[in-house]
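Chains as they are written, first to last, in the working numbering: chain A, 2 to 348; chain B, -8 to 451.
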Ligand SMILES: Nc1ncnc2c1ncn2[C@@H]1O[C@H](COP(=O)(O)OP(=O)(O)OP(=O)(O)O)[C@@H](O)[C@H]1O
Ligand SMILES: [Mg+2]
């Protein structure tokens, strides 16, 4: 383990130095997991942290000892640029940006695949046999324990709005949310909210009026909530927050009861795939993660589980399909961001 | 049957043709359903993409100095809800793409506002169905025409039409099988009257020259009519020839009687034995001729009466007794005793008494003729799977003659020696038996020498 970690680190360093001389997309990190025995390579480009994915890759390699995994981490927009604009050679694309994944498939950048394993996915978790969901991650409210020690935690958006109105002095500058201009995930959650919740714009305006700080990522928001700098953060990725709970004290997670968007992390096989068979096996492996509670625990990625959604009707998985293309539309996006800026950036 | 070559079968032809028709109809049905299904699926898709395009066009508006658009979510979620098809769109104003896929082909030819234009073409490696609508947007004082095109791949449509095609295939196959079965039945039913006519003609006896009557299908009326007129002509010509024979025989018989009387007188007057012998031979020849003429006359009578047989109840036993009575004098000339073994009760059948008596007379005549003097003839009537009228004698019997041939016209046994005869007696008996659905049985006398000849009639 120690040795392989060392190798991986070494490999990462070496590879980043030599990274993609001709490519323009920005790589955050690159990790190489050598094969146990054999010389196949599976090249994955992903938005997921190495922390979350390493156990999955190791488990996959235990079943496929001949496959080395070349794991490239990039932001969702960079992933899109790599595949869509630059045709970079990868065997799998794993991303939390459902809209971009859908666009890749819609515009003909993905290959179809069916197997007994993919058939087990519920209908809403698969699109065109090209985009496969393997996690379901709700957008949650992360609240500071210290802050809400005396007052009750709001259970829905109406309570939340009332609370912000009532105690505006208190909450000034202490409510965090994504900067949807820079965060793809933030944009996805915000657009879904705007579609599903009437009070979304009111809430946004309130947060603007409170001069709420904007964040690039869930980790920063959680850090600030835990430290007490923020009273709460809105639309934080639940799975990420949950994975921080054991180490980070001072916050807890609230799933709003009126409506909770559920993001589906998806995998697709781009047309540039070279090692199809290894890619197929990885897809099969990912979509059956539900059967590996050990991996679920180790990765902190909740698997697709229809029963869990049925139990909580407020949980609405974001629907795969052409609907997701709407908010990627140039004019729509401009218009949305304009509205959003007008609401949140108030001088 | 000589000259008739059985070639092809109407039934097989009917079945094959009806089967072919069924096959053609099945295929036609299948094709029609497929076309209709495809159209229906196409229409469904057209309606949905048109609704999406209209929804997008409705969302166009003028914003300050430009035309802009807020893409309605429903337009696309609607497309995504019925199938997992890829969706492309493009909004163009004055040759400039406002939004969407820059390379999506737009054909604006012939579209005006409020109309829409559908097209199918290949885009990004897949067949798509596209619709284009035009909408005017007022920008300051100017009207700007904006073109909205929405295209969708056709996977959902293919699924629908393949499902309908599968159903159509199944229905067509079932239809074909049912139709083929029915065509078998129909061919059978259509040919039933033909078979009936054919059977009724084939069942007839050799002398049955009645016209074919009864229900006849229109199509067969000409054939049956021709057959009937043929039968009528045949009957006429047969009767004519029999009449001719009877006439001829009659005309010959009378002068022969005169000649015989004269010959007899001459015989008495002559003294020289060789002259006497010559005359005797002459007399014998005259006898033969006259017998022949008589039998021919009888035979003609039998043919005539059997042709238009009038049946009355006939008591066979009584008839046999009467025949014995009539021939008793002839028997007595030879001192032959006729023993009658007749039952008390009558045997009644429908028939022609004149004919039956003629047959019996010929049989009994043979028995007397071919028996020696002082012998006995046994005449019996009994029942044994039919009514038997049997004449048994102690005469010379048939020798090695072929029994089957004795009832043929003019056929005489080899053992007849100097006994006068024409060879028509058993022919007459046989024909009479046939006309009454009976038969003539010729056998040897099982009790000693002699012949045993029987007429057998079916019990009514
Ligand atoms: N009772 C009989 N005994 C012996 N032979 C017989 C007897 N009856 C018929 N036959 C044979 O059958 C032949 C055919 O008989 P059939 O009565 O037809 O002819 P026929 O007696 O010769 O002539 P005819 O027409 O004058 O009666 C006879 O010639 C004779 O040879
Ligand atoms: Mg005779």
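Glycine included, each C-beta is placed from N, C-alpha and C at the ideal position.
According to DSSP, residues forming a beta bridge with residue i
i                     : result
residue 128 (chain B) : B:135
residue 308 (chain B) : In the DSSP output, where bridge partners are listed per residue, residue 308 (chain B) has none listed.
residue 91 (chain B)  : B:81
residue 143 (chain B) : B:78 and B:120
residue 364 (chain A) : Summary: the structure shown does not reach residue 364 (chain A), with chain A confined to residues 2 through 348, and so no result is reported for it.
residue 380 (chain B) : B:372 and B:446
residue 303 (chain B) : B:342
residue 127 (chain A) : A:133
Alpha helix (DSSP H) segment containing residue i, residue limits
i                     : result
residue 290 (chain A) : No alpha helix (DSSP H) holds residue 290 (chain A); DSSP gives it neither H nor E.
residue 229 (chain B) : 212 to 260
residue 114 (chain B) : Careful: residue 114 (chain B) lies outside any alpha helix (DSSP H), inside the beta strand (DSSP E) at 107 to 114.
residue 241 (chain A) : 239 to 245
residue 161 (chain A) : 158 to 167
residue 55 (chain A)  : 51 to 64
Burial state of residue i (16 or more Cβ within 10 Å)
i                     : result
residue 47 (chain A)  : buried
residue 65 (chain A)  : buried
residue 354 (chain A) : This structure gives no information on residue 354 (chain A), because the portion of chain A shown stretches from 2 to 348.
residue 232 (chain A) : buried
residue 163 (chain A) : exposed
residue 22 (chain A)  : Here the model assigns residue 22 (chain A) a pLDDT of 47, short of 50, so the residue's position is not dependable, and the following value carries that caveat. Exposed is the call here.
residue 98 (chain A)  : buried
residue 266 (chain B) : exposed
residue 245 (chain B) : exposed
residue 139 (chain A) : buried
residue 324 (chain B) : exposed
residue 320 (chain B) : exposed
residue 38 (chain B)  : exposed
residue 62 (chain A)  : buried
residue 52 (chain B)  : exposed
residue 169 (chain A) : exposed
residue 123 (chain A) : exposed
residue 122 (chain B) : buried
residue 286 (chain B) : buried
residue 343 (chain A) : exposed
Coil, strand or helix - residue i by DSSP
i                     : result
residue 110 (chain A) : coil
residue 118 (chain A) : helix
residue 45 (chain A)  : strand
residue 135 (chain A) : strand
residue 77 (chain A)  : helix
residue 386 (chain B) : coil
residue 430 (chain B) : strand
residue 415 (chain B) : coil
residue 203 (chain B) : coil
residue 296 (chain B) : helix
residue 216 (chain A) : strand
residue 161 (chain B) : helix
residue 274 (chain B) : helix
residue 72 (chain A)  : strand
residue 236 (chain A) : strand
residue 176 (chain A) : strand
residue 248 (chain A) : coil
residue 435 (chain B) : strand
residue 328 (chain B) : strand
residue 263 (chain B) : coil
residue 100 (chain B) : coil
Residue range of the beta strand (DSSP E) that includes residue i
i                     : result
residue 372 (chain B) : 367 to 374
residue 342 (chain B) : 339 to 342
residue 450 (chain B) : Note, residue 450 (chain B): premise wrong, no beta strand (DSSP E); not H, not E.
residue 33 (chain A)  : 30 to 34
residue 96 (chain A)  : 93 to 96
residue 333 (chain B) : Note, residue 333 (chain B): premise wrong, no beta strand (DSSP E); not H, not E.
residue 271 (chain A) : 261 to 271
(request) Entirely within the stretch 287 to 341 of chain A and at least 3 residues each: give me those beta strand (DSSP E) ranges in chain order. (result) Segments of the beta strand (DSSP E) lying fully in the stretch 287 to 341 of chain A: 316 to 318.
(request) Tell me the start and end of each unbroken alpha helix (DSSP H) in the stretch -6 to 80 of chain B that is at least 4 residues and wholly inside, in chain order. (result) 1 to 49 and 64 to 73
(request) Kindly provide the ranges of any alpha helix (DSSP H) runs that are 4 or more residues long and lie completely inside the stretch 179 to 234 of chain A, ordered along the chain. (result) 185 to 197, 201 to 210 and 219 to 227
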